[in-house]
Amino acid sequence: MSMTDAEPGSPEPIETPTRPGKRLRMAREAQGLSLADIGARTRVPQRHLEAIENGTYENLPSQTYAMGFARAYARAVGVDEVALASDVRADLNRNWNRPVHSIPAYQVEEPSRTPPKGLVWGGLIVAILLIVGLGLWYGTDLLRGGSQQGAAATPATEVAVPVPQTVAPAPPPAANDQVTVTATDEVWVRIYDGENKTLVMKTMAPGERYDIPAGTVGAQINVGRPDKLAITVGGKAVAPLGTGRVAIKDVSLAPSALLARGDGPASTTSASPSTRSGAPAARATSVSRPTAAAPTPVPTATPSDAAPGNASGL
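Just so you know, we're using this note's numbering here: the sequence shown kicks off at 4 and counts up by one.
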């Protein structure tokens, strides 16, 4: 009777259903899933899933992997992974007796997915042949080019001599293209390059000048009174940017664009004639000064009286 009581008593705790592997198997079978399906969901090899179900943890790489695989299995079939992991840890503490030195290398992928040895050896042989072929081709090409490189070494030194001579002529064209902005009266200006970077923005005083930096690309100007500026390109005056009081903006200061406006000596020549005409005016005033002293006798003597007087004297 004790035997019968003991026999039903041992299956009754049925530690088998409460063991984590059994619970996972029952959940899988209840959903009609195979181990292959679980392996596809978890990417865990099927042999490791079988070891978890059977409780043969010694067939797994390590306790860490056993815990990780069990949690992944539990998530795949909807079992509480925290509780299951606790049970797996208890099983491992009771049953894990694998010697450390016997742990095999863990393979994530199935052996069927590894390439066959024949393919590996074939690829290795092809790679070696390619390396040898490239070495032979490069070696022969290097030997052929050795004499040519020796012959080409002398002209290289000859070519190096004229290089500084070609660089020397570069400055003159840059000097001929120098754009200079001079204020003839107090005027506000903003000069900027093609990237809208401001080069100068200020109110220029009369006589103040600004040279556009060499190498500036796409220089432009905004000015409130264009008639208060004098522009020169390489020292040559060009036509004014404007003649009125209307402000202008985004006007190109490129040498070619300024020269296309025409020569500007008209403004300078108009100033020089004024100075020249001023000289005769000064002379005229100097000449008129003696005549200005003579007017005192002139009003007393009428021109008609003077003429007869001269006639009578004659």
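We treat Cβ as the ideally placed atom computed from N, Cα and C, and that holds for glycine.
All figures in this text were calculated on a predicted structure; none of them were measured in a lab.
query: To which residues of the same chain is residue 220 closer than 7 angstroms at the C-beta, ignoring the five residues directly before and after it?
result: Shown here for residue 220: same chain residues with a beta carbon closer than 7 angstroms to its own, the five before and five after excluded, namely 196, 197 in chain order.
In the DSSP assignment, what are the bridge partners of residue 207? 190
Residue 239 in three-state terms, based on DSSP: Strand.
#### Entry: Best match in 31, 76, 36, 32 for proximity to residue 51 [C-alpha to C-alpha]
76
_Does residue 215 come out as helix, strand or coil in the three-state DSSP assignment?_
Correct three-state label for residue 215: coil.
| field | Rounded separation between residue 78 and residue 126 - CA only | value | Roughly 41 angstroms between the two C-alpha positions.
Q) Is the beta carbon of residue 22 less than 8 angstroms from the beta carbon of residue 94? A) yes
- prompt: Got a sec? Which residues, its chain only, sit under 6 angstroms from residue 222 by beta carbon, not counting five neighbours each side?
  reply: 196, 215, 256
Item to complete: Note down the Cα distance separating residue 34 from residue 119, rounded to an integer number of angstroms.
Response: 36 angstroms
Check: To the nearest angstrom, how far is it from the Cα of residue 82 to the Cα of residue 68?
Finding: The alpha-carbon atoms of residue 82 and residue 68 are separated by roughly 18 angstroms.
| field | Residue-level contact to chain B via CB, residue 209, 8 angstroms cutoff | value | Reference to chain B is not applicable here, since this structure consists of a single protein chain.
For this session: Would you kindly check if the distance between the Cβ of residue 242 and the Cβ of residue 264 is under 8 angstroms?
Result: yes
(message) Check for me: the beta strand (DSSP E) holding residue 223 runs from which residue to which?
(response) Unbroken beta strand (DSSP E) run through residue 223: 223–226.
With which residues is residue 183 paired in a DSSP beta bridge?
-> According to DSSP, residue 183 bridges with 214, 235.
Rounded to the nearest angstrom, what separates residue 60 and residue 71 at their Cα positions?
12 angstroms
Among the candidates 182, 97, 121, whose CA atom is the shortest distance from the CA of residue 212? 182
Reduced DSSP category for residue 137 - H, G, I as helix; E, B as strand; rest coil | helix
* DSSP puts residue 266 in a beta bridge; with which residues? -> 241
Where residue 249 falls: helix, strand or coil (DSSP):
coil
Same chain only: Cβ atoms within 8 angstroms of residue 237, ignoring 5 sequence neighbours per side: 178, 179, 180, 181, 258
### Query
Closest by CA to residue 208, which one among 66, 65, 228, 73?
Ranked by how close their Cα comes to the Cα of residue 208, the residues 66, 65, 228, 73 have 228 in first place.
Mapping the DSSP letters down to three states, classify residue 201 as helix, strand or coil.
strand
Coil, strand or helix - residue 47 by DSSP = Reduced to three states, the DSSP call for residue 47 is coil.
request  = Could you check which residue in 201, 261, 188 has the C-alpha nearest to that of residue 230?
outcome  = Per the Cα distances, 188.
*asked:* Restricting to Cα atoms, I'd like to know which of 29, 38, 42, 24 is closest to residue 89.
replied: The residue with the shortest Cα to Cα distance from residue 89 is 24.
- Query: Could you give the distance in angstroms between the alpha-carbon of residue 244 and the alpha-carbon of residue 210?
  - Reply: 17 angstroms
Helix or strand or just coil, what does DSSP make of residue 254?
strand
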